[in-house]
Amino acid sequence: MCDHSKALDYAERAHKINEKELSQRDPNLANSCSNLGLAYDNMNKYPKALEFYEKALKIRQMTLPSNHPDVANSYSHISRVHSIMSNYEAALAYAEKACKIKEKILSSNHPDLATAYYNTGLAYDNMKQYQKAFEFYKKALKIRETALSSNLPELALVYSIMSFACIKMHQEEKALRYAKDAHKIREKSLPLNHTDLANSYYNIGYLHEKMKKYSKALEFYEQAATAAERSQPFNPAHVKLYQEHYQNMRKKIKSHSD
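Taking full-length UniProt numbering, the leading residue of the sequence shown gets 1, the next gets one more, and so forth.
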């Protein structure tokens with residue numbers, strides 16, 4: 001927090017100088033506004049961050065081509081802050097604008113386009129439009145599968161978020177397939193004490209339970225609890241949650257066998 005405070009102080013000082021010395025139509029003033037917005041963003045001062053991101057966008061719209069990367073970046077920043085502030089309709093509108101620009105200016109397999117698709121998917125997800133969200137996640141996945149090593153955690157994240165989208169659409173078998181894909185990558189790429197591994201075991205256990213495969217659910221809940229006990233940073237709430245699911249599943253299996 002201390003570093004972010006210093007960064008905000010420097011950004012505010014620099015911006016005051018830039019406001020005096022630069023024209024209101026100077027792209028460098030837009031950069032100054034964007035930097036100050038980012039500094040507020042990092043301090044979790046989201047209304048102020050939004051104010052300066054919007055100022056940056058206004059200048060860029062006046063001075064740059066409509067499909068300039070900096071315009072797209074402004075849209076992305078504004079979308080993200082609206083999402084944090086639970087303004088989901090606005091977040092989606094700006095995410096779509098950023099995505100359309102990046103589709104025009106980037107190659108079809110560019111990693112930044114994958115990020116734009118992923119962010120648009122998240123925006124649809126927050127609007128509970130899960131099928132649309134899934135479509136954009138799938139576009140992001142296609143690029144990342146090509147551009148990234150098959151064992152990178154970033155790829156696991158896309159598989160995981162696609163699994164959650166499938167759960168929301170009550171497509172448990174499909175969700176399980178993506179959850180397993182995410183888990184395979186995490187087993188290969190993460191240390192044994194990483195919190196994502198415990199969460200991955202839990203997600204697979206939960207899906208097996210939803211599909212009434214109780215023995216498999218029990219197996220993965222136990223692995224989740226064991227992994228959570230060695231996770232760093234240690235999270236007692238996660239340990240308790242996974243142990244409760246494990247114990248409840250044991251009781252359910254016992255009651256079914258009686």
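C-beta atoms are modelled at their ideal positions from N, C-alpha and C, and glycine is treated no differently.
### Query
Would you say the region 109-127 touches the region 136-153, given that touching needs at least three Cβ pairs under 8 Å?
yes
### residue 220 burial status per 10 Å Cβ neighbour count (16 or more: buried)
Indexing the sequence shown from 1 puts residue 220 at position 220. Counting Cβ neighbours within 10 Å, residue 220 comes out buried, since at least 16 surround it.
### Supposed close pair residue 163, residue 175 - CB separation, criterion 8 Å
As a working note, residue 163 is residue 163 in the sequence shown. As a working note, residue 175 is residue 175 in the sequence shown. Going by Cβ atoms, the distance from residue 163 to residue 175 rounds to 5 Å, so yes, they are a contact pair.
### Task
Would you mind stating whether residue 8 and residue 40 have Cβ atoms separated by less than 8 Å?
Taking the first residue of the sequence shown as 1, we reach residue 8 at position 8. Taking the first residue of the sequence shown as 1, we reach residue 40 at position 40. It is a contact, given that the beta carbons lie within the stated cut-off.
### Task
Assess, as a yes-or-no matter, whether the region 223-237 is touched by the region 198-210 under the definition of 3 or more beta carbon pairs within less than 8 Å.
yes
### Task
Within its chain, find whatever has a CB closer than 8 Å to the CB of residue 29; leave out the 5 residues flanking it on each side and keep chain order.
Here residue 29 refers to the residue found at position 29 when the sequence shown is read from its first residue. Counting only Cβ-Cβ distances below 8 Å, and skipping sequence neighbours, we find 18, 19, 22, 23 and 59.
### Query
Alpha carbon to alpha carbon, what distance is there between residue 76 and residue 156?
Sequence index remark: in the sequence shown, residue 156 carries index 156 (1-based). Sequence index remark: in the sequence shown, residue 76 carries index 76 (1-based). Rounded to whole angstroms, residue 156 to residue 76 spans 23 Å at the Cα level.
#### Entry: CB of residue 207 within 8 Å of CB of residue 249, strictly
Reading the sequence shown from its first residue, position 207 is the one you call residue 207. Reading the sequence shown from its first residue, position 249 is the one you call residue 249. No, these two residues do not count as a Cβ contact at 8 Å.
### Query
Once you ignore the five residues that flank residue 125 on each side, which residues in its own chain have a CB closer than 6 Å to its CB?
Against the sequence shown, residue 125 aligns to sequence position 125. Here the set comprises 133.
#### Entry: Closest residue to residue 105 among 84, 68 and 241 (Cα-Cα distance)
As a first step, residue 105 must be located in the sequence shown, where it is residue number 105. Comparing Cα-Cα distances from residue 105 to each of 84, 68 and 241, the minimum goes to 68.
### Query
According to the neighbour-count rule (16 or more other Cβ atoms, all chains shown, within 10 Å of its Cβ), is residue 196 buried or exposed?
Position 196 of the sequence shown, counted from the start, is the residue given in the question as residue 196. The residue is buried, with at least 16 neighbouring Cβ atoms inside 10 Å.
### Query
alpha helix (DSSP H) containing residue 64: first to last residue?
For this step, residue 64 is matched to residue 64 along the sequence shown. Note, residue 64: premise wrong, no alpha helix (DSSP H); not H, not E.
### Query
Where does residue 277 fall in DSSP's three states?
Residue 277 falls outside the range modelled here, since the chain spans only 1 to 258, and no answer is possible.
### Task
Could you tell me the distance, in whole angstroms, from the CA atom of residue 81 to the CA atom of residue 242?
Taking the sequence shown and counting its residues from 1, the one referred to as residue 81 is at position 81. Taking the sequence shown and counting its residues from 1, the one referred to as residue 242 is at position 242. If you take the alpha carbons of residue 81 and residue 242, they lie about 32 Å apart.
### Task
Could you check what DSSP says for residue 235 in three-state terms: helix, strand or coil?
One-based indexing of the sequence shown puts residue 235 at position 235. Note: residue 235 maps to coil in three-state DSSP.
### Query
Does DSSP put residue 45 in a helix, a strand or coil?
Here residue 45 corresponds to residue number 45 of the sequence shown, with the count starting at 1. In this structure, residue 45 counts as coil in the three-state DSSP scheme.
### Task
Return the CA-CA distance between residue 223 and residue 192, expressed in angstroms with no decimal places.
Position 223 of the sequence shown holds residue 223. Position 192 of the sequence shown holds residue 192. Whole-angstrom Cα-Cα distance: 12 Å.
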